[in-house]
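**Student:**
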Amino acid sequence: MIRLLDFLFAFLGLFLLSPILVLLIILGYLDNGSPIFKQERVGKNMKPFRLYKFRSMNVNTKSVATHLASSNSITKLGKFLRASKLDELPQLFNVLIGDMSLVGPRPNLFNQHELIEYRSKRGVYDFRPGITGLAQIQRVDMSTPELLAEIDSEMTSNLSLLLYVKLIILTIVGKGSGDRIVN
600 MIRLLDFLFA FLGLFLLSPI LVLLIILGYL DNGSPIFKQE RVGKNMKPFR LYKFRSMNVN
660 TKSVATHLAS SNSITKLGKF LRASKLDELP QLFNVLIGDM SLVGPRPNLF NQHELIEYRS
720 KRGVYDFRPG ITGLAQIQRV DMSTPELLAE IDSEMTSNLS LLLYVKLIIL TIVGKGSGDR
780 IVN
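Counting the sequence shown from 1 gives a position; my numbering is that position plus 599.
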């Protein structure tokens, strides 16, 4: 049921938000010449997939976890995209094709070994990664890998249609946050 909802919500979201997506692509070209950011992430069953986002950092920024990136790397448009969460919109395509869910553990990089170890022990990779989840609502990011894995495990163990809808609504109304950026 959740996969069906993911597909329907992602399709509807991409359709309804297409004018905004086109505008952000144009603004991205003007801001940094490369509006879409693609990065390999850890998916369900630890299979790699390509995650899509609107680029919020300079093109030459080193590929590290967001909490390890410098705030100097963020572009002018990127500040707006991150604050408004619009940088996440291309992930609706990831949801549509089945690499991600709307709700699930945020996908990490393969070089985040500590987080991978904690999540593996808790069975978190048995589930599709998501755009939002319990950790985001509780403002827990990848800078605290053990706590993040614990919350991800709690969410995936208790994921129901009600929790799925609740987390989506809380995200839409602005609860939670993304990964912090160092100064």
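The beta-carbon is built from N, C-alpha and C at its ideal position, and this holds for glycine as well.
Could you tell me if K675 is buried or exposed, where buried requires 16 or more neighbouring beta carbons within 10 angstroms of its beta carbon?
**Tutor:** Residue mapping note: residue 675 aligns to position 76 of the sequence shown, counting from 1. With fewer than 16 other Cβ atoms within 10 Å, it is exposed.
**Student:** So, helix, strand or coil for P618, using DSSP?
**Tutor:** Position 19 of the sequence shown, counted from the first residue, corresponds to residue 618. Here P618 sits in helix by DSSP.
**Student:** Given this structure, state the Cα-to-Cα distance separating I780 from P744, to the nearest angstrom.
**Tutor:** As a position in the sequence shown, residue 780 is number 181, starting the count at 1. As a position in the sequence shown, residue 744 is number 145, starting the count at 1. Only weak support is given to the placement of I780: the predicted model assigns it a pLDDT of 44, under 50, and the question is left unresolved by the model.
**Student:** If distances are taken between C-alpha atoms only, which option among N657, K720, L691 comes closest to K678?
**Tutor:** Within the sequence shown, the letter at position 79 stands for residue 678. If we check each option's Cα against that of K678, N657 comes out closest.
**Student:** In the DSSP output, what is Y651 paired with across the bridge?
**Tutor:** If you number the sequence shown from 1, residue 651 lands on position 52. Partner(s): K637.
**Student:** Is it buried or exposed, Q638, if we count other Cβ atoms within 10 angstroms and call 16 or more buried?
**Tutor:** The residue given as residue 638 occupies position 39 in the sequence shown. Its Cβ having fewer than 16 others within 10 Å, Q638 is exposed.
**Student:** Assuming I750 and L733 are in contact, meaning their beta carbons sit under 8 Å apart, how far apart are those beta carbons, in whole angstroms?
**Tutor:** Your numbering for residue 750 matches position 151 in the sequence shown. Your numbering for residue 733 matches position 134 in the sequence shown. Right, their Cβ atoms sit about 5 Å apart.
**Student:** Distance, Cα to Cα, L604 vs N693?
**Tutor:** The sequence position of residue 604 within the sequence shown is 5, counting from 1. The sequence position of residue 693 within the sequence shown is 94, counting from 1. Cα to Cα, L604 sits roughly 14 Å from N693.
**Student:** What residue does the alpha helix (DSSP H) around S752 start on, and which one ends it?
**Tutor:** Counting from 1 along the sequence shown, the entry for residue 752 is found at position 153. Segment 744-757, the alpha helix (DSSP H) holding S752.
**Student:** Could you work out which residue in G773, S683, R718 is closest to R738 when comparing CA atoms only?
**Tutor:** Taking the sequence shown and counting its residues from 1, one reaches residue 738 at position 139. The residue with the shortest Cα to Cα distance from R738 is G773.
**Student:** In terms of DSSP beta bridges, what is I673 paired with?
**Tutor:** In the sequence shown, residue 673 corresponds to position 74, counting from 1. DSSP lists M656 as partners of I673.
**Student:** Note the first and the last residue of the continuous alpha helix (DSSP H) segment covering L691.
**Tutor:** Mapped onto the sequence shown, residue 691 falls at position 92. Counting along the chain, L691 sits inside the alpha helix (DSSP H) bounded by residues 690-696.
**Student:** State yes or no: is the C-beta of F653 within less than 8 Å of the C-beta of L685?
**Tutor:** On the sequence shown, residue 653 is found 54 positions in, with the first residue counted as 1. On the sequence shown, residue 685 is found 86 positions in, with the first residue counted as 1. Yes. Within cutoff.
**Student:** Would you call the region 637-651 and the region 693-713 touching, i.e. three or more CB-CB distances under 8 Å?
**Tutor:** yes
**Student:** Between the C-alpha atoms of L650 and V621, what's the straight-line distance to the nearest angstrom?
**Tutor:** Translated into positions along the sequence shown, residue 650 becomes position 51. Translated into positions along the sequence shown, residue 621 becomes position 22. The straight-line gap from Cα to Cα measures roughly 19 Å.
**Student:** Give the straight-line distance between the Cα atoms of F614 and M600, rounded to the nearest whole angstrom.
**Tutor:** For this step, residue 614 is matched to residue 15 along the sequence shown. For this step, residue 600 is matched to residue 1 along the sequence shown. Distance between the alpha carbons of F614 and M600 is about 21 Å.
**Student:** Name the two residues that bound the continuous beta strand (DSSP E) containing V764.
**Tutor:** Here residue 764 refers to the residue found at position 165 of the sequence shown. Run containing V764: none in the beta strand (DSSP E); it sits in the alpha helix (DSSP H), 760-771.
**Student:** Hey, out of I673, R721, F606, whose CA is closest to L746's CA?
**Tutor:** Within the sequence shown, the letter at position 147 stands for residue 746. Checked all of I673, R721, F606; the closest Cα to L746 is R721.
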